[in-house]
Structure formats: C-alpha cells, structure tokens
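Per the numbering used here, residue 350 is the first one in the sequence shown, and the count goes up by one each step. Beta carbons: idealized from backbone N, C-alpha and C, even for Gly. Just so we're clear, the structure is a prediction, and the values are computed from it rather than from any experiment.
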Amino acid sequence: MNLRLGSTSIGLTRYLTLWTAVVLVFAIQHSLSDGLHGQSWPFLDHLRWAMIQWYTWAALAPLVFRLAERHPMDPSRRFRGLGRQAVASLVVTFGAMIIGALASTLFEPSGFFEQLWYFIAQHFATGLLTYWALFAIQQALHFHAEKARREMEASHLATELAQSRLLALKSQLQPHFLFNTLHAIITLLDEDTLSAEDMLLRLSELLRAFLEDYDGQEIPLRKELDLIELYLGIQRVRFKDRLTTRTYIAPDTLDCAVPSLLLQPLVENAVRHGIGQRVGSDVIEIETRRDGDVLCIEVRNRNSTLSPDPIAPAGHGIGMSNTRLRLKELYGNRADVRLDMLWPEGVACRVRLPFRELDAGDEAPEFSAGVAPA
350 MNLRLGSTSI GLTRYLTLWT AVVLVFAIQH SLSDGLHGQS WPFLDHLRWA MIQWYTWAAL
410 APLVFRLAER HPMDPSRRFR GLGRQAVASL VVTFGAMIIG ALASTLFEPS GFFEQLWYFI
470 AQHFATGLLT YWALFAIQQA LHFHAEKARR EMEASHLATE LAQSRLLALK SQLQPHFLFN
530 TLHAIITLLD EDTLSAEDML LRLSELLRAF LEDYDGQEIP LRKELDLIEL YLGIQRVRFK
590 DRLTTRTYIA PDTLDCAVPS LLLQPLVENA VRHGIGQRVG SDVIEIETRR DGDVLCIEVR
650 NRNSTLSPDP IAPAGHGIGM SNTRLRLKEL YGNRADVRLD MLWPEGVACR VRLPFRELDA
710 GDEAPEFSAG VAPA
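Set out below in structure tokens:
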C-alpha cells in the first residue's frame with residue numbers, strides 16, 4: 350500500500366518506519382537529557398510523549414505536502430507563496446498542538462487546556478520547524494522531478510533533431526546517386542541498348558531496396574553489401590572489362606551495424622575519381638575487418654590520386670561530406686573517415702566506427718538482389 354505525499358508516492362510501511370525512527374531518536378534524546386539533569390522519568394513516558402508529538406506530524410505531513418504543492422515558492426510569485434505558507438505553517442502547527450493535547454489527556458490527569466498550553470510552550474517552535482522542514486523536502490522533490498522531466502524533454506528533442514539531420518543527409522544521397530546513374534544509362538542508350546536495359550533492371554532493384562518500409566539509420570553490413578553489389582553491377586555494365594571489383598569481407602563483420610547507404614557514396618567516389626576521369630582500367634576493392642571494438646571499412650581504387658594542393662577541395666563532394674556528417678551524428682567522436690594515398694597509385698577511403706551487432710528486431714526488412722552480377 351502506498352501513501353501519496355503530493356505528487357510523490359511512498360510505501361506506507363516505509364513511511365511509518367521513518368517516523369518511528371524519528372520517535373525513537375527524540376525519546377532517547379529526552380531520556381538522556383533528563384538523566385543528565387538528575388530527573389528520573391521512565392523511558393516509556395518519553396516514548397509515549399514522542400509518539401504523540403511525531404505521529405501527529407506523520408498524520409499531518411500529507412496535508413503539508415499538498416499545501417506546498419498548491420502554493421509553491423515559484424520565482425514569479427515568491428512573496429505570495431511565502432505569505433501563504435507562513436499562515437499555513439501557523440495554522441497547521443496549532444492544529445498539531447490541539448491534536449497532541451487531546452491525545453495527551455488520555456494519559457495525563459490534567460485537563461485539555463493545561464495540556465494545550467504545555468504543548469504550545471514546549472513544542473510550538475519545534476512544530477513550526479517541522480512544517481518548514483516538510484515544506485523544504487517537498488520543494489526539493491518537486492525541483493528534482495522537474496529537472497528530470499526537463500532533461501528527458503531535452504534528450505527527446507536532441508534525439509529528434511539528430512534524426513531529422515540524419516534523414517536530411519540520407520535524403521540528399523539518393524537523388525544524387527540516381528541522377529548519376531540515369532545519366533550513365535542515357536549515355537549508353539545510343540551505344541549499347543542491351544547494357545542500358547541491364548542497368549535499368551539493376552537500378553529498379555536498387556530503387557526497390559531504397560523504398561523498403563524501413564526508417565532506421567543502421568542496417569547489417571551484409572545488407573549494405575547486397576546494395577553495393579547492385580550498384581557495382583551497374584558500374585561493371587557501364588565500364589565493361591575496364592572495371593574489376595573485389596571484396597574482402599571478414600565473416601565476423603557481416604552482422605555489424607553500419608549506416609544505411611554508407612558504402613554507395615564511397616564506392617561512387619572511387620569510380621568517379623578513378624576510372625571515371627582517368628584512362629585505362631581500374632580495380633575497386635572493399636575490405637572489412639574487426640579491430641577490437643572497432644569496425645574498419647576500406648574502399649580502394651587503383652587509378653586515382655589525391656590533389657597535392659592543400660587549398661584545393663577534397664574533390665569528393667556530397668558523398669564524403671555527408672558521410673562525415675552522418676558518422677558524427679550517429680557516433681560522435683567514436684567514428685572517423687579519411688582518405689589516404691596508396692602505393693604506387695590509388696586512393697583508400699578508410700572508415701572506422703564502433704563495432705556493434707544488430708539485434709534481430711533492429712534489422713531492416715529483407716531484400717534480394719534480383720539481377721545476377723555481370
């Protein structure tokens with residue numbers, strides 16, 4: 350059974366235990382004080398008086414909490430609340446004295462008014478202090494609950510803002526990729542109709558995967574690899590025997606969580622800045638491995654170079670910039686992406702992010718690459 354103290358709930362047994370501890374502390378204190386002054390009142394008398402005094406306040410505490418909740422010490426109405434609480438403290442404390450006097454007459458030979466005068470003289474100041482102590486406890490609990498509520502709201506707002514940013518970044522990738530792929534298909538229409546049709550089939554499969562009813566930001570690496578295989582199939586059709594693709598995937602990384610559409614812009618950059626701009630053939634390599642608590646992903650091409658001019662832009666456009674921003678939003682400083690030169694020629698894009706396997710409930714819906722790779 351729980352007892353309501355304003356907006357706070359406490360078990361009745363625990364509540365009575367706390368007040369019983371107060372009763373025992375004051376009974377022992379008064380008994381020791383009387384012993385030091387040469388008086389010899391029985392301990393049971395001290396215990397009875399303490400029970401009358403403090404169990405009365407135990408009964409009145411819910412009322413004090415309600416009054417404190419109804420007339421709080423808000424900054425906007427501080428003086429009004431203080432005035433009302435001052436009046437309430439006097440009234441409630443005087444009520445506690447009346448209750449104590451009535452209970453005491455059951456055990457003492459003196460009358461009610463004598464007991465009331467005794468309680469006012471001996472316990473009124475302590476009663477006022479008790480009222481304000483209960484008021485302070487209620488205010489502290491209220492402020493703590495309000496702080497927790499505001500922190501929760503701020504956390505929800507920050508999460509919603511981060512999700513909005515991630516969705517905006519993700520939404521920029523798909524039109525960018527589709528524009529480049531459609532441009533490649535249009536280029537092939539006059540040169541190789543069959544290859545253009547093959548690319549359209551692969552593109553339709555990719556679009557179906559993009560439009561799956563899944564709003565999560567992360568998918569298992571194995572599904573990301575399925576997506577990138579569709580994209581690489583399109584590029585192999587486009588560049589024919591000039592383009593070779595290789596993958597080196599550690600089996601223990603296949604179920605690791607990665608941002609959806611992580612690889613596609615990185616591979617697209619490798620194609621565009623390699624074979625897309627330079628003569629000859631090219632090799633695109635994708636490698637994944639686990640390094641402790643870190644997932645390492647590399648996308649390499651063997652036919653490009655980084656600009657030696659530090660002022661020149663990185664040349665990797667929306668793909669690299671969005672990848673950096675998405676990793677920062679999702680993982681903070683625990684993830685990074687960088688470009689390195691390869692020897693004797695080529696560029697490697699290296700991504701490091703926290704290693705975390707997705708639970709079955711977190712995974713995106715299944716899709717399959719319906720077109721066989723070229």
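Using C-beta distances below 8 Å, list every residue in its chain close to residue i, excluding the 5 sequence neighbours before and after it, in chain order.
i, result
"Pro391", "none"
"Met446", "Leu465, Phe468, Ile469, His472, Phe473 and Gly476"
"Leu365", "Ala407"
"Lys677", "Ala684"
"Gln487", "Leu354, Gly355, Thr357, Val413, Phe414, Ala417 and Glu418"
"His532", "none"
"Glu782", "Since the first residue shown for the chain is 350 and the last is 723, residue 782 is missing from the structure and cannot be characterised."
Within 10 angstroms of its Cβ, does residue i collect 16 or more other Cβ (buried), or is it exposed?
i, result
"Thr405", "buried"
"Tyr480", "buried"
"Gly432", "exposed"
"Leu518", "Because the pLDDT of Leu518 is 48, which lies under 50, any placement of that residue in the model is unreliable, and the number read from its coordinates should be weighed accordingly. Flag for Leu518 reads buried."
"Gln434", "buried"
"Tyr580", "buried"
"Ile359", "exposed"
"His395", "buried"
"Gln378", "exposed"
"Val643", "exposed"
"Arg585", "buried"
"Asp540", "According to the sequence as given, residue 540 is Glu; it is not Asp. Counting Cβ neighbours within 10 Å, Glu540 comes out exposed, since fewer than 16 surround it."
"Glu554", "buried"
"Ala399", "buried"
"Gly689", "Residue 689 is actually Asp in this sequence, not Gly. Counting Cβ neighbours within 10 Å, Asp689 comes out exposed, since fewer than 16 surround it."
In chain order, what residues of the same chain have a beta carbon less than 6 Å from the beta carbon of residue i, not counting five sequence neighbours either side?
i, result
"His665", "At His665 the pLDDT is 47, less than 50, meaning the model places this residue with poor confidence; the figure from the coordinates comes in the next sentence. Closer than 6 Å at Cβ, skipping near neighbours: Asn618."
"Met350", "Leu361"
"Val700", "Ile646 and Val686"
"Gly623", "Asp631, Asn650, Asn652 and Ser653"
Below 8 Å on the Cβ atoms is my guess for residue i versus residue j; work out the distance and round it to an integer in Å.
i, j, result
"Arg649", "Ala599", "The Cβ separation is near 16 Å, so there is no contact."
"Asp685", "Asn652", "Actually they are not in contact, since the Cβ atoms of Asp685 and Asn652 sit about 25 Å apart, beyond 8 Å."
"Arg551", "Asp601", "29 Å between Cβ atoms; not a contact."
Would you list the one or two residues that DSSP bridges to residue i?
i, result
"Ala606", "Pro569"
"Val648", "Ile635 and Cys698"
"Tyr597", "Glu636"
"Leu688", "Cys698"
"Glu706", "Cys605"
"Leu592", "Asp631"
"Thr747", "The requested residue 747 does not occur in the structure, where the chain is confined to residues 350 to 723."
"Val643", "Asp640 and Pro703"
"Ser358", "Arg353"
Have a look at residue i and residue j and give me their C-alpha separation to the nearest angstrom.
i, j, result
"Ala408", "Leu381", "27 Å"
"Tyr563", "Arg557", "The predicted model places Tyr563 with a pLDDT of 48, which falls under 50 and marks its position as unreliable; any figure quoted below should be read in that light. Distance between the alpha carbons of Tyr563 and Arg557: 12 Å."
"Leu478", "Leu455", "26 Å"
"Met501", "Lys572", "34 Å"
"Glu634", "His505", "40 Å"
"Glu647", "Arg363", "59 Å"
"Ala437", "Phe414", "11 Å"
"Ile534", "Arg591", "17 Å"
"Leu538", "Val616", "24 Å"
"Arg627", "Ala497", "58 Å"
"Ala485", "Phe461", "32 Å"
"Gly384", "Glu457", "22 Å"
"Leu490", "Thr369", "22 Å"
"Leu691", "Glu636", "15 Å"
"Ile448", "Arg397", "14 Å"
"Phe588", "Ala503", "50 Å"
"Arg451", "Val374", "Checking the sequence, you will find Leu at residue 451 rather than Arg. Roughly 23 Å separates the two Cα atoms."
"Glu495", "Leu439", "28 Å"
Might you give, ordered along the chain, the residues of its own chain that have their beta carbon closer than 7 Å to the beta carbon of residue i, omitting 5 neighbours on each side?
i, result
"Val441", "Leu409, Leu412, Val413 and Tyr480"
For chain C, find out if any of its Cβ atoms is closer than 8 Å to the Cβ of residue i; answer yes or no.
i, result
"Lys572", "Any reference to chain C falls outside this structure, which holds one protein chain only."
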